[in-house]
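For my numbering, count along the sequence shown from 1 and bump the result up by 1313. Think of the CB as a built atom: it goes at the ideal place given N, C-alpha and C, for glycine as much as any other residue. None of the values given here were measured: they were computed from a predicted structure. A short write-up of the structure that comes next.
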Amino acid sequence: MYNRQRLGEILMEMGKLDPGQLDRGLSVQAEKGGRIGEILIQMEAVDEEDVTRALARQLDYPCEMNIDAEELDLNLLEGLKLGWAREHGVLPYDKRNGHVLVATDDPLEIEVLDEVRMVAGVEIMPVVVPTTSLQSAINEAFDRKSRQLGGGLDDLEEEENPHAEDASLNINDLLDAGDDDEAPVIRFVNSLFVQSVRERASDIHIEPGEKEITVRFRIDGVLKEVANPPKRFHSSIITRIKIMAGLNIAEKRLPQDGRIRIKMAGKDIDIRVATAPSAHGERITMRLLDKSAVLLNLRDIGMADDHLDMMLDLIFNPHGIILVTGPTGSGKTTTLYSALSEINSPDKNILTIEDPVEYQLDGISQMQVAPKIDLDFARGLRSYLRHDPDVIMVGEIRDVETAEMAIQASLTGHLVFSTLHTNDAAGAFTRLTDMGVEPFLVSSTVICTMAQRLVRRLCPDCKISYRPTAKEIAEVGLSDAQLDEQAGGAIFKPGEDRDCETCLGLGYKGRMGIYEILGIGDTIRSLVMNRADTSEIKKAAARQGMRNLREDGALKVLDGHTSIEEVLRVTQEDMV
1314 MYNRQRLGEI
1324 LMEMGKLDPG
1334 QLDRGLSVQA
1344 EKGGRIGEIL
1354 IQMEAVDEED
1364 VTRALARQLD
1374 YPCEMNIDAE
1384 ELDLNLLEGL
1394 KLGWAREHGV
1404 LPYDKRNGHV
1414 LVATDDPLEI
1424 EVLDEVRMVA
1434 GVEIMPVVVP
1444 TTSLQSAINE
1454 AFDRKSRQLG
1464 GGLDDLEEEE
1474 NPHAEDASLN
1484 INDLLDAGDD
1494 DEAPVIRFVN
1504 SLFVQSVRER
1514 ASDIHIEPGE
1524 KEITVRFRID
1534 GVLKEVANPP
1544 KRFHSSIITR
1554 IKIMAGLNIA
1564 EKRLPQDGRI
1574 RIKMAGKDID
1584 IRVATAPSAH
1594 GERITMRLLD
1604 KSAVLLNLRD
1614 IGMADDHLDM
1624 MLDLIFNPHG
1634 IILVTGPTGS
1644 GKTTTLYSAL
1654 SEINSPDKNI
1664 LTIEDPVEYQ
1674 LDGISQMQVA
1684 PKIDLDFARG
1694 LRSYLRHDPD
1704 VIMVGEIRDV
1714 ETAEMAIQAS
1724 LTGHLVFSTL
1734 HTNDAAGAFT
1744 RLTDMGVEPF
1754 LVSSTVICTM
1764 AQRLVRRLCP
1774 DCKISYRPTA
1784 KEIAEVGLSD
1794 AQLDEQAGGA
1804 IFKPGEDRDC
1814 ETCLGLGYKG
1824 RMGIYEILGI
1834 GDTIRSLVMN
1844 RADTSEIKKA
1854 AARQGMRNLR
1864 EDGALKVLDG
1874 HTSIEEVLRV
1884 TQEDMV
C-alpha cells in the first residue's frame, strides 16, 4: 500500500502533466503544505476529472465523473445528515454484490468511510468522484429526500385565502426546532417566499451581521425588516437557497448568480438570486418577478393626459430614438414594455434585446444578452438589423458601440427604444456625447427623452385628508391658489391604521410613475449640436413648457394619488 505510485507520476503517464508543472506544484506543496492534486488543480495544470482518474488508478478504486441523484435509492441516506455529508464529501448511492457504493472525493479518509460503513450496516466500496460533481449530487439527493418528507418546493403551493390565521407567518418561530433539524430551515426559506409574495415584495435581502441575520423585503421601493434569525442558522439558510438556485455551495469567496422558479397560489414566480461575500459572511439578494403579472399599457402607468398624448404621437414615428432615463428601479423597463404593447400589431416586426428578459411579450422576439459568450447589446443589435425589424428595443445603452449601433438603426429607418442611467431628461444628450457620439448624430436621431421615478400610491382605504402647511406647499412647488382650485383646499397623507388589510399598515399600496418628457424641437436640437450643457438644455425645455419630475409629482398630489413626502423622497430639487 505504501509503495504505490505517486499521483504526479500517474498524471504524467496519462499525458496530463509535464515535469515542469509537477516541479512547481511540489515546490508549492513544500512551502505551504496541502495535497498535490488540489495544488495542481488550483494551478490549472490539470482539472478535477484528471485528478479523479489518477487517484482511482493510484488506489485501485473505481471512479465516476457524475452521480445521478435522481436514480439514487433514498433509503441509503438514512442516518446521514446533509451538513455532515457535505463537510466530509461522501454519498452512498447504490448497492451492488452485497456492497454499498459510496461516492467520495477523498478515499483516504478512512475514519469517515468507517462511519458510513457503520451506518449502512454492510461493507462499502469507495468510488472516486470529482468534488464539484459530488457536492452537486449530495445537494440534489438530500433535496429529493426533503421533498419526499414534505419540506420541498411543493410546500409553496399556498391556499388562496389571504385572511387565513397564518397569513402573517411568524417566520422567526420556524427555526425553533434546533440546529440539527434540516426541516426548520427549509420551512423558514419557503415561508420567506410565501410572505414576500403576500406582501407584494420585489426583493428579499438576507444580510448577515455579527450576532444575527437581518431579513428585509423591498415593498413598493422601500425596505422593511421582517425577521432576525440567529447567526448560527446563517450557513444553513444560505446553503438551502444556493441548492434551490443551482449554485456552488462550496464557493463562498466569489459572487454567484442563479435562478429559482416556483409556483405559488397559481402564480409563476421567477426569482433571480445573487450572492456576495461580506464582512460577516455571504449575503443574498433575491429579485422576485411575477410571470403572470398583467402587462400595463401607457394609460395605466400614471401619465397625465398631456404626457400620454405626447407619447402616443412619438411611439408611432417610423424612425428615431426614444430614450427613457432614471436610476435602477425607477420603472424604465415597464414603460418600454407598455410602449411596445401599445404599438404591437401583426404588421410590425418588433425585436428586443434585454438583460434579462423580464416578461414575455406575445408577438415580439426577445433576446437575452449573454456576456459569457460575448453576446452583448451591441452584438445583439447588429444581428437584429439583419432581421428586417420595424421597431427595436435595446435594454440599455452602456457604451459608445451600442449607442452608435442604435443611431445607425435609426438613420436606416427603424424606431429604437432604449434606456440610459441619467438623472433627468436633458442629461441624456450630454451622456451620449460624453460617450463619444457626435452631437450632430444625437440631434438628428433622438426624438424624445423621458426621465421618470416611481412614487407610492396612497392606500385608498386608510389615507387621511388634511390641509398642508405653507412650508409643505412651497417645498413641492405648489401655491395656495392651486391647492384651493384643483384639490378643494385639502390633499391626502398616509393613514395611521396599522391593522389596515389593504396596505398591511404601510399607508401605501402600489406605485405609479412621475414623468419629465422632453420632445426635441429646433431650439433643443441646436443646443445639442453646439454641445450645450445639461442645465442650458433643461432651461430651454422649461421655457417651452416641459414639466419637471417634481412638478409632475405635485399634480399627482393634487389628484390625491400620492403624498407630498413621497414626491420629495424621490425627486431632487430642479435648478432651472
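C-alpha gap between residue i and residue j, whole angstroms
i, j, result
"residue 1763", "residue 1738", "5 Å"
"residue 1551", "residue 1601", "17 Å"
"residue 1868", "residue 1581", "36 Å"
"residue 1522", "residue 1885", "32 Å"
"residue 1398", "residue 1364", "21 Å"
"residue 1846", "residue 1840", "8 Å"
"residue 1319", "residue 1717", "58 Å"
"residue 1520", "residue 1528", "6 Å"
"residue 1342", "residue 1356", "12 Å"
"residue 1633", "residue 1728", "5 Å"
"residue 1436", "residue 1384", "21 Å"
"residue 1654", "residue 1851", "30 Å"
"residue 1500", "residue 1620", "47 Å"
"residue 1701", "residue 1680", "15 Å"
"residue 1871", "residue 1690", "41 Å"
"residue 1598", "residue 1810", "30 Å"
"residue 1525", "residue 1543", "5 Å"
"residue 1490", "residue 1514", "Any reading at residue 1490 must be qualified, since the residue scores a pLDDT of 42, below 50, and its modelled position is unreliable; the value itself is stated next. Roughly 27 Å between the two C-alpha positions."
"residue 1373", "residue 1362", "16 Å"
"residue 1855", "residue 1684", "40 Å"
Buried or exposed by the 16-neighbour rule on C-beta atoms within 10 Å, applied to residue i
i, result
"residue 1388", "exposed"
"residue 1753", "exposed"
"residue 1697", "buried"
"residue 1345", "exposed"
"residue 1566", "exposed"
"residue 1392", "exposed"
"residue 1423", "exposed"
"residue 1595", "buried"
"residue 1448", "buried"
"residue 1478", "With a pLDDT of 33 at residue 1478, under the threshold of 50, the modelled position of that residue is not reliable, and no figure is offered here."
"residue 1411", "exposed"
"residue 1678", "exposed"
"residue 1590", "exposed"
"residue 1863", "buried"
"residue 1327", "exposed"
"residue 1858", "exposed"
"residue 1725", "exposed"
"residue 1860", "buried"
For residue i: DSSP bridge partner residues
i, result
"residue 1761", "1635 and 1832"
"residue 1656", "BP columns for residue 1656 are empty, so no partner."
"residue 1455", "The partner list for residue 1455 (beta bridge, DSSP) is empty, contrary to what the question assumes."
"residue 1595", "DSSP lists no partner for residue 1595."
"residue 1602", "1583"
"residue 1767", "1826"
"residue 1570", "1587"
"residue 1335", "DSSP, once it has assigned bridges, lists no residue as partnering residue 1335."
"residue 1706", "1665 and 1730"
"residue 1518", "1529 and 1598"
"residue 1376", "1441"
"residue 1409", "1412"
"residue 1679", "1665"
Test item: CB-CB of residue i and residue j under 8 Å
i, j, result
"residue 1715", "residue 1707", "yes"
"residue 1827", "residue 1866", "yes"
"residue 1789", "residue 1713", "no"
"residue 1819", "residue 1532", "yes"
"residue 1572", "residue 1584", "yes"
"residue 1766", "residue 1848", "no"
"residue 1656", "residue 1628", "yes"
"residue 1506", "residue 1614", "no"
"residue 1630", "residue 1830", "no"
"residue 1874", "residue 1771", "yes"
"residue 1638", "residue 1745", "no"
"residue 1730", "residue 1837", "no"
"residue 1458", "residue 1390", "yes"
"residue 1758", "residue 1720", "yes"
Rounded Cβ spacing between residue i and residue j (contact assumed at less than 8 Å)
i, j, result
"residue 1824", "residue 1882", "About 12 Å; that fails the 8 Å criterion."
"residue 1842", "residue 1756", "5 Å"
"residue 1891", "residue 1415", "One cannot answer for residue 1891 here, as it falls past the ends of the chain, which runs 1314 to 1889."
"residue 1441", "residue 1368", "5 Å"
Residue i at chain D interface by Cβ criterion, 8 Å
i, result
"residue 1501", "Among the chains of the structure shown, chain D does not appear; only one protein chain is present."
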